[in-house]
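Letter 74 of the sequence shown, counting from 1, is numbered 73 in numbering that gives the first Met the number 0, and no numbers are missing. Ideal placement from N, C-alpha and C gives every residue a C-beta, glycine not left out. This one's a predicted model, so the numbers in the text were calculated from it and none came from an experiment.
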Amino acid sequence: MYKIKDIICNYLNSSASEEEKEHLLQWLEEKEENKIQFREIYDLWLHANAIRIEDAELEKAWKRLKKQTSKQKEIPKRIPFSRFSFLYIAASILLLLAVGYGGYQLGDRNERPTIVYNHLLTGVDGKGVYTLPDGSTVWLNANSVLKYPEIFTGGKRSVYLEGEALFEVKADKRNPFFVETGGINIEATGTRFLVHNYPVKNRVEAVLVNGSIQVSGDYFSTNRILHPGELLTYNKQLQQTQVQQVNTDHYTNWIHSKLIFDSTNLEDVVVNLEKWFDIEIVASPELMHNTHMSFTVRRESLDELLSYMALTSPITFEWRGKVLHLHPKNE
Numbered sequence: 000m001y002k003i004k005d006i007i008c009n010y011l012n013s014s015a016s017e018e019e020k021e022h023l024l025q026w027l028e029e030k031e032e033n034k035i036q037f038r039e040i041y042d043l044w045l046h047a048n049a050i051r052i053e054d055a056e057l058e059k060a061w062k063r064l065k066k067q068t069s070k071q072k073e074i075p076k077r078i079p080f081s082r083f084s085f086l087y088i089a090a091s092i093l094l095l096l097a098v099g100y101g102g103y104q105l106g107d108r109n110e111r112p113t114i115v116y117n118h119l120l121t122g123v124d125g126k127g128v129y130t131l132p133d134g135s136t137v138w139l140n141a142n143s144v145l146k147y148p149e150i151f152t153g154g155k156r157s158v159y160l161e162g163e164a165l166f167e168v169k170a171d172k173r174n175p176f177f178v179e180t181g182g183i184n185i186e187a188t189g190t191r192f193l194v195h196n197y198p199v200k201n202r203v204e205a206v207l208v209n210g211s212i213q214v215s216g217d218y219f220s221t222n223r224i225l226h227p228g229e230l231l232t233y234n235k236q237l238q239q240t241q242v243q244q245v246n247t248d249h250y251t252n253w254i255h256s257k258l259i260f261d262s263t264n265l266e267d268v269v270v271n272l273e274k275w276f277d278i279e280i281v282a283s284p285e286l287m288h289n290t291h292m293s294f295t296v297r298r299e300s301l302d303e304l305l306s307y308m309a310l311t312s313p314i315t316f317e318w319r320g321k322v323l324h325l326h327p328k329n330e
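Written as structure tokens, this is what we have:
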């Protein structure tokens with residue numbers, strides 16, 4: 000029987016197996032409360048990112064805090080003491096270790112300046128636009144985390160992303176802009192590009208709208224220079240990259256909070272809906288090229304949209320597992 004506490008710890012330490020990742024994903028999808036509590040832990044973990052925690056220290060802190068919490072008579076009302084209680088314990092572990100590490104640093108003879116990080120987090124239905132310390136703009140999609148220092152120093156501007164974001168980087172050739180994802184690293188001096196990097200997905204994507212970016216990674220034989228309109232996809236499992244020409248609007252439409260189709264062929268509709276609803280859609284090439292549709296998507300759910308499309312288009316729908324298959328109505 001999996002212990003969700005152990006799986007979360009493994010996931011945050013990048014040591015979770017594929018089976019554990021799948022179990023974590025299932026747990027997150029069970030109810031919205033699970034996602035909220037996971038993000039609380041994740042936020043605390045990000046704040047403690049500079050701390051290297053040894054397994055023995057983590058286990059000792061866990062046992063100590065578990066013993067302490069078992070003596071408490073009152074538990075916060077918004078989450079009863081149940082399987083969710085470990086979330087608060089785990090959060091406390093991170094905070095205590097962070098405090099301990101901070102005290103150690105204060106006593107260090109070779110004092111080093113402390114880098115203070117900000118963290119932008121969006122919820123399941125959340126999107127936002129933010130300005131970074133250098134004047135660059137970032138649009139953050141739902142279920143995303145962006146970590147960046149309060150002040151960029153050291154001759155570069157580095158941020159860390161999990162999720163999806165569109166960056167509009169302020170030009171500064173002397174201080175290049177870096178986006179780290181854990182799979183690939185992207186360098187830009189002044190440009191507009193999108194990065195897609197959700198931990199539960201097996202791929203990382205970079206799409207260049209204008210300007211130029213350089214993409215590198217631990218498993219890259221050479222760095223890749225992207226040109227406007229190009230999409231680079233990195234398969235984390237196979238450790239392979241692919242570059243192709245795309246319509247960048249398909250990847251950036253979400254920042255406008257709506258999708259507009261006007262006699263658009265089904266192929267383009269499918270690409271947009273896959274990005275909008277984070278699903279996989281399959282249809283025959285003939286159906287893709289010969290079908291055109293006109294409609295607007297704002298806040299409609301996928302079920303609502305499919306019901307509308309079933310009434311107004313010559314298409315039927317069929318779910319096979321997590322993949323949506325489209326067929327002509329006359330089949």
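- Where residue 274 is concerned, the enclosing alpha helix (DSSP H) starts and stops at 265-276.
- Rounded to the nearest angstrom, the gap between the Cα atoms of residue 180 and residue 290 is 37 angstroms.
- About 6 angstroms separates the CB atoms of residue 190 and residue 209; that is less than 8 angstroms, so the two are in contact.
- Distances from the CA of residue 154 to each of 140, 160, 144 and 171 were compared; the closest alpha carbon is that of 171.
- Straight-line measurement puts the Cα of residue 310 at about 45 angstroms from the Cα of residue 184.
- One thing to note: residue 128 has its Cβ no nearer than 8 angstroms to the Cβ of residue 121.
- Secondary structure of residue 188 (DSSP, three-state): coil.
- By DSSP's assignment, residue 176 forms a beta bridge with 156 and 187.
- Only residues of its own chain outside the window of five on either side were considered, and among them 201 have a CB closer than 7 angstroms to the CB of residue 236, listed in chain order.
- For residue 293, the enclosing beta strand (DSSP E) begins and ends at 291-296.
- Each of 245, 131 and 32 was checked against the Cα of residue 206, and the nearest Cα belongs to 245.
- Under the DSSP definition of a beta bridge, residue 127 partners with 139.
- Around the Cβ of residue 274, a 10 Å sphere holds 16 or more other Cβ atoms; the residue is buried.
- Taking residue 222 as the centre and dropping the five residues before and after it, the same chain places the C-beta of 213, 214 and 215 closer than 7 angstroms to its C-beta, in chain order.
- Under DSSP, residue 164 forms a beta bridge with 139 and 194.
- Considering only 279, 193 and 283, the residue with the shortest C-alpha distance to residue 251 is 193.
- If you compare the alpha carbons of 254, 186, 27 and 261 with that of residue 138, the shortest gap goes to 254.
- The continuous beta strand (DSSP E) containing residue 147 extends over residues 144-148.
- About 5 angstroms separates the CB atoms of residue 242 and residue 231; that is less than 8 angstroms, so the two are in contact.
- The three-state reading of DSSP puts residue 262 in strand, counting E and B together.
- Contact check for residue 169 and residue 125: beta-carbon distance about 24 angstroms, past the 8 angstroms limit, so the pair fails to qualify.
- By the Cβ neighbour-count rule, residue 307 is exposed, with fewer than 16 other Cβ atoms within 10 Å of its own.
- Partner residues in the beta bridge of residue 213, as assigned by DSSP, are 186 and 224.
- Per the coordinates, the alpha-carbon of residue 149 lies some 15 angstroms from the alpha-carbon of residue 177.
- By alpha-carbon distance to residue 265, the top candidate from 156, 322, 283 and 233 is 283.
- CA-CA distance, residue 248 to residue 278, rounds to 18 angstroms.
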